[in-house]
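> Numbering (UniProt numbering), first residue to last: 1 to 247.
Please find one structure pasted underneath; my questions will follow.
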């Protein structure tokens, strides 16, 4: 495919910002009107950004592309966490039939950066790049409990459709159990998650395990919670300053 040179980096950034704010995507005509640009300039912008997967076309509308999330997931901290945690998660899964998931805090979501499947016959439908919702996923409940953006009520009040009562309910459950859990009817799977902290005490990630079926047995859930917590403690041995020096 022929590569196009972006006529203006600023216009490209503006285009991405407008698309990010739109829940239903934007048509080429809407982009022309919003950016006040001629059709030929918009065409070159769309072709360039589409070819790099920064945006993607679905029907007649343009949405954020997967490349944006890949770039977000490729930061040094996420890579460092993967290197620290993945080997221990792989060992944990060796004698099981489930999947392990590593997430980092995203924009109103838990962003999945890695998924480890124990068996080829049991592959999670959650893949790297997936965005797990705050209120409908175990990693999301962990974010509601430990992320400053959601624990400070004044900030939370500014978030549209933020249910403070429901957030408080999930926080209470997480603090009582020591882990978060959620059930996905479509996948018939239980997701259990725990937080990951750096040495300085900063909340940096979430570990989760996806168990087949609807798991009710508290002892089983507690056992998995303790196993994940033991792995989640590994990052406590490194400092964010040490991490920056090693990159």
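C-beta atoms are modelled at their ideal positions from N, C-alpha and C, and glycine is treated no differently.
Please report how far the alpha carbon of residue 49 lies from the alpha carbon of residue 132, in whole angstroms.
Each residue's alpha carbon lies about 25 Å from the other.
> Counting only runs of 3+ residues fully inside the stretch 129 to 209, write out the beta strand (DSSP E) ranges in chain order.
The stretch 129 to 209 contains these whole beta strand (DSSP E) runs: 131 to 133, 180 to 184 and 189 to 197.
> How far does the alpha helix (DSSP H) with residue 223 in it reach, from first residue to last?
Where residue 223 is concerned, the enclosing alpha helix (DSSP H) stretches over 218 to 232.
> How far does the beta strand (DSSP E) with residue 58 in it reach, from first residue to last?
First-last of the beta strand (DSSP E) with residue 58: 55 to 58.
> For residue 11, which residues in the same chain have their Cβ closer than 7 Å to its Cβ, ignoring the five residues on either side in sequence?
Only 35, 37 and 45 meet the Cβ criterion.
> DSSP three-state call for residue 33: helix, strand or coil?
Residue 33: helix per DSSP, three-state reduction.
> CB of residue 26 to nearest heavy atom of the ligand PLP: below 7 Å?
Looking for the ligand PLP in the displayed structure turns up nothing, as the structure carries no ligands at all.
> Can you find the residues in the same chain that come closer than 7 Å, C-beta to C-beta, to residue 32, ignoring five residues on each side of it along the sequence?
Within the same chain, residue 32 has close Cβ partners 39 and 42.
> Starting from residue 61, trace the beta strand (DSSP E) both ways and give me its first and last residue.
Residues 61 to 64.
> The beta strand (DSSP E) with residue 16 in it runs from where to where?
That residue, residue 16, is in no beta strand (DSSP E); its alpha helix (DSSP H) goes 9 to 21.
> Verify whether the separation of the beta carbon atoms of residue 307 and residue 86 is less than 8 Å.
Not covered by the structure: residue 307. The range shown for the chain is 1 to 247.
> By how many angstroms is the C-alpha of residue 149 removed from the C-alpha of residue 167?
Those two C-alpha atoms are separated by around 12 Å.
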